[in-house]
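full-length UniProt numbering puts the first residue of the sequence shown at 1, with every later residue one more than the last.
Accompanying notes for the structure given below.
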Amino acid sequence: MKTFCGRANPTTGAMEWLEEDENYDYHQEIARSRYADMLHDKDRNVKYYQGIRAAVSRVKERGEKAIVLDIGTGTGLLSMMAASAGADFCYAIEVFKPMANAAVKIVEKNGFCDKIKVINKHSTEVTVGPDGDMQCRANILVTELFDTELIGEGALPTYEHAHKYLVQEGCEAVPHRATVYVQLVESKRMWSWNKLFPVHVEAEDGEKIIVSPSEMENCPGVPSVCDIQLNQMPSSDFTILSDVVTMFSVDFSKPVRSASTYYRVQLEPVKSGKAQIVLSWWDIDMDPSGMINCTMAPYWVKSTSAFQWRDHWMQCVYFLPNEEPVLQGEKVYLTACRDEYSVWYKLQKARGEEENKANVRVESPVCRCQAHLLWNRPRFGELNDQNRTRQYIESLMKVLKTDSVCLCISDGSLLPVLAHYLGAKQVQYFFLCFFFFKFFKANHLEDKIKIIEARPELLTSSHLEDKKISVLVGEPFFTTSLLPWHNLYFWYARTAVTSHLTNNVTVLPQSASLHMMIVEFQDLWRIRSPCGTCEGFDVQTMDDMIKNSLNFRESKEAEPHPLWEYPCKSLSDPQEVLTFDFRKTVPQHCLSTEGSVNLSRKGKSHGAVLWMEYHLAADISVSTGPIQISNEKGNCEWNPHCKQAVYFFSSVIESETLSDLPSAVTYAINFNTKTGEIAMDFQL
Numbered sequence: 001m002k003t004f005c006g007r008a009n010p011t012t013g014a015m016e017w018l019e020e021d022e023n024y025d026y027h028q029e030i031a032r033s034r035y036a037d038m039l040h041d042k043d044r045n046v047k048y049y050q051g052i053r054a055a056v057s058r059v060k061e062r063g064e065k066a067i068v069l070d071i072g073t074g075t076g077l078l079s080m081m082a083a084s085a086g087a088d089f090c091y092a093i094e095v096f097k098p099m100a101n102a103a104v105k106i107v108e109k110n111g112f113c114d115k116i117k118v119i120n121k122h123s124t125e126v127t128v129g130p131d132g133d134m135q136c137r138a139n140i141l142v143t144e145l146f147d148t149e150l151i152g153e154g155a156l157p158t159y160e161h162a163h164k165y166l167v168q169e170g171c172e173a174v175p176h177r178a179t180v181y182v183q184l185v186e187s188k189r190m191w192s193w194n195k196l197f198p199v200h201v202e203a204e205d206g207e208k209i210i211v212s213p214s215e216m217e218n219c220p221g222v223p224s225v226c227d228i229q230l231n232q233m234p235s236s237d238f239t240i241l242s243d244v245v246t247m248f249s250v251d252f253s254k255p256v257r258s259a260s261t262y263y264r265v266q267l268e269p270v271k272s273g274k275a276q277i278v279l280s281w282w283d284i285d286m287d288p289s290g291m292i293n294c295t296m297a298p299y300w301v302k303s304t305s306a307f308q309w310r311d312h313w314m315q316c317v318y319f320l321p322n323e324e325p326v327l328q329g330e331k332v333y334l335t336a337c338r339d340e341y342s343v344w345y346k347l348q349k350a351r352g353e354e355e356n357k358a359n360v361r362v363e364s365p366v367c368r369c370q371a372h373l374l375w376n377r378p379r380f381g382e383l384n385d386q387n388r389t390r391q392y393i394e395s396l397m398k399v400l401k402t403d404s405v406c407l408c409i410s411d412g413s414l415l416p417v418l419a420h421y422l423g424a425k426q427v428q429y430f431f432l433c434f435f436f437f438k439f440f441k442a443n444h445l446e447d448k449i450k451i452i453e454a455r456p457e458l459l460t461s462s463h464l465e466d467k468k469i470s471v472l473v474g475e476p477f478f479t480t481s482l483l484p485w486h487n488l489y490f491w492y493a494r495t496a497v498t499s500h501l502t503n504n505v506t507v508l509p510q511s512a513s514l515h516m517m518i519v520e521f522q523d524l525w526r527i528r529s530p531c532g533t534c535e536g537f538d539v540q541t542m543d544d545m546i547k548n549s550l551n552f553r554e555s556k557e558a559e560p561h562p563l564w565e566y567p568c569k570s571l572s573d574p575q576e577v578l579t580f581d582f583r584k585t586v587p588q589h590c591l592s593t594e595g596s597v598n599l600s601r602k603g604k605s606h607g608a609v610l611w612m613e614y615h616l617a618a619d620i621s622v623s624t625g626p627i628q629i630s631n632e633k634g635n636c637e638w639n640p641h642c643k644q645a646v647y648f649f650s651s652v653i654e655s656e657t658l659s660d661l662p663s664a665v666t667y668a669i670n671f672n673t674k675t676g677e678i679a680m681d682f683q684l
């Protein structure tokens, strides 16, 4: 059966109806899942196995049968560990049907059919009793329901329900407890992901400063956690203001409450500075004594010798509502508020305990200024990048004249303000967001820049007061873009407004180019690598299932990743593969290219990375790809504000010496101008 799905095409801007297979959703879910990453997480798997063995032993020593409840079983791995450790019976619960079906096959293949029952339900729908899903309550509770924030996948309500209805009082739990740790830091880099800094513009009539509205300055932002690979954040990018302290812990062997609450700790700053950021991570003790511990602590807290790479659990960055000056040795209170699914933080000066308690409100923060809904964190960082802004200012100064009529096509961009300050006679801006009315007002520009509330293809002469556009500008940046080339929407919008442009119109950027490079990843390859066996259990069925779902579509597509978080080394030089001339309209025919990339370094060819470069004006370009590549080792430093496109090769070629290198990787890349999609194929 086929299903029609509506979607806005991110590149062409057109509304499309696509005919999809009825299983498309679940194939996409499996293909983009992190199951492989979890199965490759040796530290996690070993610690779970040790904890499960210990829990089964404790129950057996009491002379009881070991009955295990495994919530969110996935592949059935933890249930198989329990059965191997001597559990008498395991109830393995998995709500996602394709995953539950795979778990049944994996359990059968490993010979545990008589010991494990897979239940395809949400745990809150499971029944207990002679005619129920479970014959009796379990006395061992095993779960892996955690995300980077610990509670974001609904662990607390799930545990709360399980203790009420599915497990015995005083049951064993693996993990036994989780502990959340925090550290207060000052970081201009991370703070730039949450606030817009003033922008200084040197204009002919003196320096101008672009400021944000007061609502934005005092806005608490959005409550969603910023989860990143903190181990890739150099120590030079933040200043530690406090020791690491325990914020709260949850004992999973006792009844758990999911209702909103707060926790407070007193901190004594170890250094004076501006408290802006709370860094946070957690660890889990698999046993009551805490001897079997699995931690997410970053590199400056634990020795790197014990470092385990993982992408399913990272570290959290929380932004305080406002930056607070703190003095070394002068105590402050840090409060963590949480609801069922998220955590947020507040910092207060140490005053009377009762006075501080009265100031605690557990309601989740809400963005009031709209900017945090419009711009994601990398976008804030991009807008705060002074070097990048300088390149746009230099380019605009080259193309703007005193009689320029300027139109800007980009989402949430500062370009209209820059164009006005740099002398454009008239500036128009396509954008539908109330925030920008407030933004222009804060800079006294509400009558200087006209916002056109229409899509480019619906632009009329009356919108432009019968004037023709002499300068068309864009960064380009659009909030709907996921892959680098989705921002080619600028080209389609430029084509749509052609009739309103002067014959000698200046377009900035004048063109763009697509670039690629072959890389070896330090760790990211694990998310796509088959596992085979995991702790002695055959999970090939899972590998096949992921491969099948990838082959359904995703294996022939690139996927977006912020590569500053995922170290890799280049095995080839960067190569330009396609160019797009914005001075002309989008052509009717496809743009295709074929060629080869020479491999110049030894290593494993895991995949190709692709990115865009925009040529703003003569000799000025901005890249969404590598900032620099070390020639010796090929280590790459990536643009931290953008996601690059990664195309994983289906097979990996390893070359130990330059003599056994495949001399080149051949490629075929096709840009379909009708659909705006790029198809690619690589041969090793």
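Where a beta carbon is used, it is the ideal one built from N, C-alpha and C, also for glycine.
These numbers come from a predicted model, not from an experiment.
Contacts around residue i, its chain only, beta-carbon distance under 8 Å, and the 5 residues preceding and following it disregarded
i           : result
residue 686 : Nothing about residue 686 can be read from this structure; the chain reaches only from 1 to 684.
VAL270      : ILE240, LEU241, SER242, ASP243, GLN328
GLN168      : ARG137, ALA138, ASN139
Buried or exposed (CB count within 10 angstroms, at least 16 for buried), residue i
i      : result
ASN218 : exposed
VAL507 : buried
LEU458 : exposed
LYS164 : exposed
PRO574 : buried
THR295 : buried
ARG351 : exposed
GLN370 : buried
SER410 : buried
GLN428 : buried
TYR48  : buried
LYS121 : exposed
SER187 : buried
ASP403 : exposed
CYS113 : exposed
LYS549 : Checking the sequence, you will find Ser at residue 549 rather than Lys. That one is buried.
MET15  : exposed
Three-state secondary structure (DSSP) of residue i
i      : result
PHE682 : strand
ASN672 : strand
PRO484 : helix
ILE409 : coil
THR127 : coil
ALA155 : helix
LYS274 : strand
ASN443 : coil
LYS467 : coil
TRP491 : helix
ARG62  : coil
GLY51  : helix
TYR165 : helix
Reference residue i; option with closest CA among the options
i      : options                        : result
ILE546 : THR12, LEU39, THR624           : LEU39
ALA645 : GLY51, THR624, LEU184, GLY412  : THR624
ILE52  : GLY63, SER289, SER84, HIS515   : SER84
PHE537 : GLY111, ALA92, ALA36           : GLY111
GLU632 : GLU446, MET233, LYS569, LEU488 : LYS569
SER529 : GLY607, SER260, ILE71          : GLY607
LEU464 : HIS500, VAL332, LYS674         : HIS500
LYS331 : LEU267, SER249, ASP311, PHE682 : LEU267
LYS564 : GLN628, GLY595, VAL225         : The question names Lys, yet the displayed sequence has Trp at residue 564. For TRP564, the nearest C-alpha among the options comes from GLN628.
LYS254 : LEU156, ARG494, CYS90, CYS534  : LEU156
Close-in-space but distant-in-sequence residues of the same chain around residue i (CB under 6 Å, 5 per side omitted)
i      : result
PRO365 : PRO220, PRO223, TRP344
GLU160 : VAL256, SER258
TYR614 : PRO509, ALA512, VAL622
MET81  : TYR49, ILE52
ALA87  : VAL56, ALA66, VAL68
HIS641 : PRO378, GLY381, GLU382
Closer than 9 Å to chain C by CB, residue i
i      : result
VAL505 : Going by chain labels, chain C is absent from the structure shown, which holds only one protein chain.
Nonlocal neighbours in the same chain, by C-beta distance under 7 Å from residue i, ignoring five residues either side
i      : result
GLU349 : Sequence check: residue 349 is Lys here, not Glu. Around LYS349: VAL332.
ASP287 : GLY51, ALA54, HIS176
Pick out the complete alpha helix (DSSP H) segments inside the region 237 to 265, 4 residues or longer, and give them in chain order.
As far as the region 237 to 265 is concerned, it has no whole alpha helix (DSSP H) run of at least 4 residues.
Runs of 4 residues minimum, wholly inside the region 520 to 588: which ones carry the alpha helix (DSSP H) assignment?
Taking only runs of at least 4 residues, the alpha helix (DSSP H) segments lying wholly in the region 520 to 588 are 540 to 552.
Only counting runs of 3 or more residues, tell me where the beta strand (DSSP E) segments fall wholly within the region 358 to 428, in order along the chain.
Runs of the beta strand (DSSP E) inside the region 358 to 428: 405 to 408.
Taking only runs that begin and end inside the region 86 to 111, name each unbroken alpha helix (DSSP H) of 4 or more residues, in chain order.
Runs of the alpha helix (DSSP H) inside the region 86 to 111: 97 to 109.
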